[in-house]
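Read through the structure below, which is laid out as structure tokens, and then see the notes.
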Amino acid sequence: MKIMKKLLLIVCLFCIGTLAQAQDYGTGIGIRGGSANGLTIKHFIKNNAALEGIISSRWQGVNLTGLYEIHARAFNEPGFNWYYGFGGHIGFWDGDHAHWGDDGKDYTVLGLDGILGLEYNIREIPINLSVDWKPALNLIGYSGLWGDGFALSVRYVF
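If you count by mature numbering (1 follows the signal peptide of the UniProt record, and there is no 0), then the sequence shown holds residues -22 to -1, 1 to 136, one letter each, in order.
The following block contains the structure:
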């Protein structure tokens, strides 16, 4: 029993130490390219937690996304972090420009998002690179699961 308690304590301290080292910058602003292209801003509210806002365009419409993300050191290497999180979105599309939409019909969607990603902070220059997968589930409007949300982001960090 004592061994289990010590092991649990070691694991907890390791996790806390890893999470405490996750933040390498305060705020990052940049571009996001993938199935939807747009702008991204990420701001850390704690050492291991950030808020990210994304405004993107697809099918000649616009989508606004807000995410809460948990960050942790990746590969035990400075500058590398992995992250996961959740949030929501609201989007507005013209059905004339979406292959799935009906001509002459406008769509307003509201839904939930997840995110799973890996980022690298280049210490010599204030640049952050990230690659992620952001699936989305539309609950209102044109409902359904969109699993093709892969993207690469480049941010200026400060």
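Beta carbons are placed, not taken as given, at the ideal position from N, Cα and C, and that holds for glycine.
(request) Starting from M30, follow the beta strand (DSSP E) in both directions and report where the run begins and ends. (result) Reading the sequence as shown, one finds Glu at residue 30 and not Met. Element bounds for E30: A27 to R36.
(message) Can you find the residues in the same chain that come closer than 7 Å, C-beta to C-beta, to I7, ignoring five residues on each side of it along the sequence?
(response) Within the same chain, I7 has close Cβ partners I19, R133 and Y134.
(request) Name the one or two DSSP bridge partners that G16 has. (result) Looking at the DSSP assignment, G16 forms a beta bridge with R10 and S34.
(request) Output yes or no for whether 9 Å exceeds the beta carbon distance between T43 and E55. (result) Contact: no.
(request) Select from G79, G92 and W71 the residue whose C-alpha is nearest the C-alpha of D110. (result) From the listed residues G79, G92 and W71, the smallest Cα separation to D110 is found for G92.
(request) Would you list the one or two residues that DSSP bridges to H49? (result) Bridge partners of H49: Y61.
(message) Can you tell me where the beta strand (DSSP E) holding A114 begins and where it ends?
(response) That run of the beta strand (DSSP E) goes A114 to I118.
(request) Determine the direct distance from the alpha carbon of G125 to that of K24, and round the result to whole angstroms. (result) Answer to the nearest angstrom: the Cα atoms are 29 Å apart.
(request) Identify whether K24 lies in helix, strand or coil by the three-state DSSP scheme. (result) Reduced to three states, the DSSP call for K24 is strand.
(message) Can you check which of these residues, E102, T86 and K112, is closest to G12 by C-alpha distance?
(response) The alpha carbon of G12 has as its nearest neighbour, out of E102, T86 and K112, the alpha carbon of K112.
(request) Measure the alpha-carbon distance for I100 versus I48 and round it to whole angstroms. (result) Between I100 and I48, the C-alpha separation is close to 20 Å.
(message) Quick check on the DSSP output: the beta strand (DSSP E) that includes W124 runs from which residue to which?
(response) For W124, the enclosing beta strand (DSSP E) starts and ends at G122 to W124.
(request) Pull up the distance between the alpha-carbon of A76 and that of G65, whole angstroms please. (result) Computed Cα separation, rounded: 24 Å.
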